[in-house]
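What follows is a short report on a single structure.
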Ligand SMILES: [Zn+2]
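Residue numbers (the working numbering): 3 to 262.
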C-alpha cells in the first residue's frame, strides 16, 4: 500500500466519522419529528449548546471523558460508537469500490441503514420517512452499480416487499399477532431496490440465520426462553444486506461450491 493510499483512507475515515456525527443527530431527531438541521448540537439535560471545537467526532468524547462540559452528565457511549462504525464503513467502501460514485452510493445506503437500525433498536419502529423515499432513491442503483439492471431492482422491490408481507400475513393467521412489523416490509423493499432480488434472497436467508444465532445467544445469556421476546428485526436485515454488498458473491459461490 502506497503512502497516498493511506492518506486517502485516513481522509475518507475522517469524512465517515463526520457523517456518523450527523447520523447521530438523525437517530435522535427523526423519530421525534424534529429538524435535523437546526438547532446545532446541545446537551439534552442542561441545554448547553456544544461549540464546534467540542463537536469533533470521536475525539470530543475522549477529551471530555464522556461527560457534558457544562453539567457533567454522562454522554451516551453510542455517539462515538456510531461515529466509529460509520468511519469504518466509509473506509471499507473506499477499499472495495475505490473513489467512485458507486462507493458513494453504497456508503449512502449503509448510512441510511445505520440510522434505521439504531432507531429500530431504540423504539422498535422503522420510520416511513426513511424507508419509503429510500425505495425510490436506491432504485437509482441500476444507473450506478454495474452488476444491477432495472429488472433486478424492480424485482428486488417486489420480492422484498412481497415476501415479508407473506410471512407477516401467515404469522398473523397462525398466531393472531403481528410478529413482523410493516416497517420491516418497507425496509426490505428498499434493500431490494438497491441490491436486487438475488440480494433480497440472500438477505432473508442470512438475516434469519443471524437472528436465530443472536436469539439463542440472548436466551442463554439471560436464561429466559421467551419466544415472544421482542427483538427488532431491522438491524439483522440491514447487517445481512451489507454483508451481501461486500461478500455476497463470494459467499454464494462458496455455498453452491459445497453443494456441487
Ligand atoms: Zn449538560
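Where is the CB? At the ideal position from N, CA and C, for every residue including glycine.
Residues that residue 76 bridges to, as DSSP identifies them: 69
Residue 47 CB to nearest heavy atom of ligand 1 below 7 angstroms: yes
Residue 261 to residue 251 span [Cα, whole Å]: 16 angstroms
Assigned exposure category for residue 28 - 16 Cβ within 10 Å defines buried: buried
Residue 1 - DSSP class collapsed to helix/strand/coil: The shown model of the chain, from 3 to 262, leaves out residue 1, and the question about it has no answer.
Stretch-stretch touch, CB-based, cutoff 8 angstroms, three pairs: the segment 112-125 with the segment 236-247: yes
Sheet register partners of residue 51 (DSSP bridge): 44
Nearest-angstrom Cβ-Cβ length linking residue 285 and residue 157, presumed shorter than 8 angstroms: Any property of residue 285 remains undetermined from this structure, which presents the chain solely from 3 to 262.
Contact under 8 angstroms by Cβ, residue 143 with residue 192: no
Every unbroken alpha helix (DSSP H) within the segment 104-140, with a cutoff of 4 residues, ordered by chain: 130-140
Cβ-Cβ separation, residue 110 to residue 1 (assumed contact under 8 angstroms), whole Å: Given that the chain is displayed from residue 3 to residue 262, the structure contains no residue 1 and the question cannot be resolved.
Alpha-carbon to alpha-carbon, residue 197 and residue 152: 11 angstroms
Beta-carbon proximity of residue 14 to residue 92, cut-off 8 angstroms: yes
C-alpha gap between residue 49 and residue 126, whole angstroms: 27 angstroms
For residue 85 and residue 26, the rounded distance between their alpha carbons: 8 angstroms
Cβ-Cβ distance between residue 216 and residue 155 below 8 angstroms: no
The alpha helix (DSSP H) enclosing residue 251, as first and last residue numbers: 236-261
Residue 32 versus residue 187: straight-line alpha-carbon distance, rounded: 19 angstroms
Straight-line Cα distance separating residue 101 from residue 147: 14 angstroms
Cβ-Cβ distance between residue 185 and residue 236 below 8 angstroms: yes
Three-way DSSP call (helix, strand, coil) for residue 33 in this model: coil
Span separating the alpha-carbon of residue 171 from that of residue 211: 21 angstroms
Beta-carbon proximity list for residue 59, same chain, < 7 angstroms, skipping 5 on both sides: 19, 20, 22, 23 and 85
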